[in-house]
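Numbering (our numbering), first residue to last: 288 to 519.
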Amino acid sequence: MGINQEDFMKGFVSALGEERVVKKLDDVICQRLVKEMQELRDDSRLTDLEKEELDQQEQYSRRNNHRIRGIEEKETEDVAKMTIDLINKNVCEMKPITIDDVNRVHRVGRRRDDGVSRPILIRFSTYRARQRVYANKRKLNPRQRQGIPGRPWAWTTESGASNVQQQAATQNIYVNEDLSRLRASLLWRARQGKQENKIKDCWSSDGNMLVKDSKDTVRNEDELSAIMSQSG
């Protein structure tokens, strides 16, 4: 016997009161939204202004995310626990991140044959939790991380047991914003310009790309090219 519409709606409304259901629903909606915006942005019939607006919406959907690079990948690993332990041991000692502050944590992309560790995507449940980590990300510099300088280091669990994961003290772990494809490409091009001494420095903040000594955010390739050409 099938369920009638009234019973279905009652069950659905009841499920919305469960935090795990809300998190899962939020995750599914965000993934679907990003995919649809990417497909729309790639439509050749769209004007530059329309593409820019779509990119802004996509970046907003990523505002609670970080991408973490440099954490060694193991054959079997608890990515969520490993990442949260690392953050709390080295970044948020005073106000630890809990599992309730995180919607999802996973490696990005397929496992690589060359042994290079895939980045980790972490989506926080609130922007405030995300900012607690981002504001202190420099603590992951090897000279500031907890451990013995010049020797392998390991972060520990609450019980004090050393985690199996160990990193070389000279290895950097980078916490970056989760940028849209357009903005990630723009930042990559700006970093090339820095290596070519066309700009002094560049970075992203809340999804916006900034160039040192430039008053405005850089929104597209033309604006970046104009800034870099001034140095010549």
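Beta carbons: idealized from backbone N, C-alpha and C, even for Gly.
In the DSSP assignment, find the alpha helix (DSSP H) that holds residue i and state where it starts and stops.
{"i": "ARG417", "result": "414-421"}
{"i": "ILE514", "result": "508-517"}
{"i": "ASN484", "result": "Run containing ASN484: none; DSSP gives neither H nor E here."}
{"i": "GLU252", "result": "Within the shown structure, residues of the chain are numbered from 288 to 519, placing residue 252 beyond reach of any answer."}
{"i": "LEU373", "result": "366-377"}
Span of the beta strand (DSSP E) holding residue i?
{"i": "GLU464", "result": "461-464"}
{"i": "MET496", "result": "495-498"}
Whole angstroms is fine: what's the gap from residue i's alpha carbon to residue j's?
{"i": "MET515", "j": "ASN495", "result": "18 Å"}
{"i": "ASP493", "j": "GLU464", "result": "8 Å"}
{"i": "THR504", "j": "GLY480", "result": "16 Å"}
{"i": "ARG478", "j": "CYS489", "result": "7 Å"}
{"i": "LYS499", "j": "ILE486", "result": "7 Å"}
{"i": "VAL354", "j": "ILE407", "result": "First, the amino acid is wrong: residue 354 is Arg here, not Val. Approximately 6 Å between the Cα atoms of the pair."}
{"i": "LEU511", "j": "ARG349", "result": "23 Å"}
{"i": "GLN482", "j": "TRP475", "result": "11 Å"}
{"i": "GLN346", "j": "SER467", "result": "6 Å"}
{"i": "ASP401", "j": "GLU360", "result": "12 Å"}
{"i": "ILE460", "j": "GLU508", "result": "29 Å"}
{"i": "LEU473", "j": "SER491", "result": "10 Å"}
{"i": "GLY434", "j": "ILE374", "result": "Low confidence applies here, because GLY434 scores a pLDDT of 40, under 50, leaving its location unreliable and the question unanswered by this model."}
{"i": "LEU320", "j": "ASP372", "result": "30 Å"}
So is residue i buried or exposed if we call it buried at 16+ other beta carbons inside 10 Å?
{"i": "SER412", "result": "buried"}
{"i": "LYS261", "result": "No information on residue 261 is available, as it lies outside the stretch 288 to 519 that the chain covers here."}
{"i": "VAL392", "result": "buried"}
{"i": "VAL462", "result": "buried"}
{"i": "ARG410", "result": "buried"}
{"i": "THR525", "result": "In the structure as shown, the chain starts at 288 and stops at 519, and residue 525 therefore has no counterpart that could be examined."}
Who are residue i's beta bridge partners in DSSP?
{"i": "SER491", "result": "MET496"}
{"i": "THR408", "result": "The sequence as given places Leu at residue 408; Thr does not occur at that position. In DSSP, LEU408 forms a bridge with ARG354 and HIS393."}
{"i": "VAL505", "result": "MET496"}
Would you say the beta carbon of residue i comes nearer than 7 Å to a heavy atom of the ligand NAP?
{"i": "ARG470", "result": "The model on display carries no ligand, and the ligand NAP is accordingly not part of it."}
Taking contact to mean at least 3 C-beta pairs separated by less than 8 Å, is the stretch 336-347 in contact with the stretch 381-397?
-> no
With contact counted as at least three CB pairs below 8 Å, one residue from each stretch, are the stretch 361-380 and the stretch 412-428 in contact?
-> yes
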